[in-house]
Amino acid sequence: MPYNIKEMVNKKARFVAGHRMCAGCGAPPAIRTILNALKEDDNAVISNATGCLEVSSFLYPYTAWKNVSYIHTAFECASATLSGAEKAYEKFRKDGKIPQDKHTKFIAIGGDGGTLDIGFQSLSGAMERNHDITYICYDNGAYMNTGTQRSSSTPLHADTTTSPAGKVLQGKSQPRKDLTQIMVNHNIPYVAQTALFGNQKDIYEKAEKAIYTHGPTFISVFSPCPRGWGYPTEDLQAIEKLAIDTCFWPVYEVENGVYKITYKPAKKLPVEEFLKTQKRFKHLFKEENKHLIEEMQEEIDRKWNYLLMMEEVTNKE
Ligand SMILES: Cc1ncc(C[n+]2csc(CCOP(=O)(O)OP(=O)(O)O)c2C)c(N)n1
Ligand code: SF4
Ligand SMILES: [Mg+2]
104 MPYNIKEMVN KKARFVAGHR MCAGCGAPPA IRTILNALKE DDNAVISNAT
154 GCLEVSSFLY PYTAWKNVSY IHTAFECASA TLSGAEKAYE KFRKDGKIPQ
204 DKHTKFIAIG GDGGTLDIGF QSLSGAMERN HDITYICYDN GAYMNTGTQR
254 SSSTPLHADT TTSPAGKVLQ GKSQPRKDLT QIMVNHNIPY VAQTALFGNQ
304 KDIYEKAEKA IYTHGPTFIS VFSPCPRGWG YPTEDLQAIE KLAIDTCFWP
354 VYEVENGVYK ITYKPAKKLP VEEFLKTQKR FKHLFKEENK HLIEEMQEEI
404 DRKWNYLLMM EEVTNKE
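Just add 103 to wherever you are in the sequence shown, counting from 1, and you've got the working numbering.
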């Protein structure tokens, strides 16, 4: 169904109010929009790894998950758990034990720590085995639930409790692991990177494609965290937009190997515009650290140019 905001907000909700995530957190609206892409009559099995989203939305006997089947899994096995459920469903369906007119979609959700680090091998395995599942990583760039420890998705030079900016370090010394590209290299039918900026169109359309493409699919969704990044809650939307306009977080999709950048800023802003909105990058604005911002800008430009090049090359073939 093409994106239509009226129809979307009136659809049966799958993730509802009453969870305990912080105000100004990017994850709840992102997950709600993604699940809104499910067709009304379809069921979904959600395999959710531990992390802020899980611990804040599923406190027995309360739950913010509605009209879905929900499994809380450990970090390591969100994808393995979902693979098993999907295979069992396929077998029951084949044996006629499940009505043929009912459809269930299989969706795993994990944070960046649970996806890029601890659950990485089970994710890679599930993708390679060609399960009919969708994996959603909500990426807030650290282990937020346990107090903002660095993950392999923490951006270069970001201040976290285990990469503290001070006399010894200037935040994390390593650049982010690029999981979206790693997923592209699994040669799966659909991979996308998205964010909530301006409206929900980009995220909704990508979620719909991912959920309804047969085979393994993957989405990485930008997920700001006011507590770990240090920004006032009301700045959520502005930060999402700056991440896109500076190309800090490019939004694109790769469908059967063909790249499409889904938003190209008319004027690409310097990365400072994004960095200055958050306390985790405050140390970079000291006179002696200006070169670190230049280093970040170079990394962003290199990756953006790579995407432009891949878009050109893969659309020619
Ligand atoms: C194997 C394992 N290691 C560590 C933990 C402790 N732990 C619980 S939540 C969490 C942080 C999760 O980070 P992420 O996946 O990025 O999700 P976020 O909290 O940032 O949303 C950690 C380390 C755990 N539950 N299991
Ligand atoms: S700590 Fe961060 S990621 Fe966790 S609920 Fe709060 S804002 Fe969201
Ligand atoms: Mg995280």
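From the three backbone atoms N, C-alpha and C, an ideal C-beta is built for every residue, glycine too. It should be emphasised that the depicted structure is a prediction, and the values quoted were computed from it without experimental measurement.
Spatially closest choice to residue i from the options, by CA coordinates
i    : options                : result
Y293 : S326, Q303, Y355       : Y355
E422 : Y307, L411, K370       : A question about residue 422 goes unanswered here, because the residues of the chain that appear run from 104 up to 420.
A130 : F384, R330, F351       : R330
N384 : F300, A268, G360       : First, the residue type needs correcting, since residue 384 is Phe and not Asn in the sequence shown. With distances taken between Cα atoms, F384 lies closest to A268.
T336 : F118, L219, C125       : C125
K280 : Y165, D220, T417       : D220
I403 : A346, D145, I285, V112 : A346
Q340 : K370, G222, Q303       : Q303
T136 : G154, D204, N107       : N107
S225 : L410, M399, D204, E179 : E179
V416 : H394, G360, E401       : G360
V148 : A191, V271, M399       : A191
E391 : S172, P105, Q203, K270 : K270
M104 : D242, P132, Y315, G187 : Y315
F325 : S172, R405, D242, L272 : D242
C-beta atoms of residue i and residue j nearer than 9 Å
i    : j    : result
W407 : P353 : yes
S256 : G199 : no
A298 : D305 : yes
A152 : L138 : no
T237 : P319 : yes
I167 : G121 : For the sequence presented, residue 167 should be read as Ala rather than Ile. The answer is yes: Cβ separation under 9 Å.
A183 : G228 : yes
H260 : S276 : yes
K344 : G301 : yes
P327 : G127 : yes
L185 : I210 : yes
L141 : I212 : no
K309 : T365 : yes
T207 : C240 : no
I134 : S150 : no
R338 : P368 : Sequence check: residue 338 is Asp here, not Arg. Against a cut-off of 9 Å, the Cβ pair of P368 and D338 comes out as no contact.
A181 : G222 : yes
G154 : N248 : yes
K371 : C350 : yes
N146 : K205 : yes
K197 : V119 : no
Three-state secondary structure assigned by DSSP to residue i
i    : result
C240 : strand
S276 : coil
K363 : strand
G422 : Outside the shown range of the chain, which is 104 to 420, sits residue 422, and nothing can be said about it.
S254 : coil
Y83  : Because the chain here runs from 104 to 420, residue 83 falls outside it and cannot be looked at.
V148 : strand
T136 : helix
V112 : helix
Y163 : coil
T380 : coil
Y246 : strand
K344 : helix
A268 : strand
T207 : strand
Beta-carbon contacts of residue i that lie in its chain and below 8 Å, excluding the five residues immediately before and after
i    : result
R123 : S159, S160, L162
Q381 : W332, G333, Y334, I342
P278 : P258, L259, E402
Residue i, enclosing beta strand (DSSP E) - first and last residue
i    : result
V287 : No beta strand (DSSP E) holds V287; the alpha helix (DSSP H) holding it covers 282-287.
K385 : No beta strand (DSSP E) holds K385; DSSP gives it neither H nor E.
H175 : 172-176
F325 : 320-325
Q296 : 293-297
Own chain partners of residue i with C-beta closer than 7 Å, once the 5 adjacent residues on each side are dropped
i    : result
K114 : N139, E143
E283 : Checking the sequence shown, residue 283 turns out to be Thr, not Glu. The answer, listed in chain order, is V294, Q296, S323.
I396 : V374, E375, L378, L387
Y246 : G216, Q252, S254
D235 : E189, F209, H317, G318
E231 : H289
K363 : Y355, E356, E414
Bounding residues of the alpha helix (DSSP H) (the contiguous stretch that carries residue i)
i    : result
V158 : 155-160
E189 : 181-197
S225 : 223-231
T417 : 393-419
A261 : Careful: A261 lies outside any alpha helix (DSSP H) and carries neither H nor E.
E308 : 304-315
G331 : 329-332
Own chain partners of residue i with C-beta closer than 6 Å, once the 5 adjacent residues on each side are dropped
i    : result
P164 : none
M286 : V294, F321
E358 : Y293
E311 : A140
D262 : A268, G274, R383
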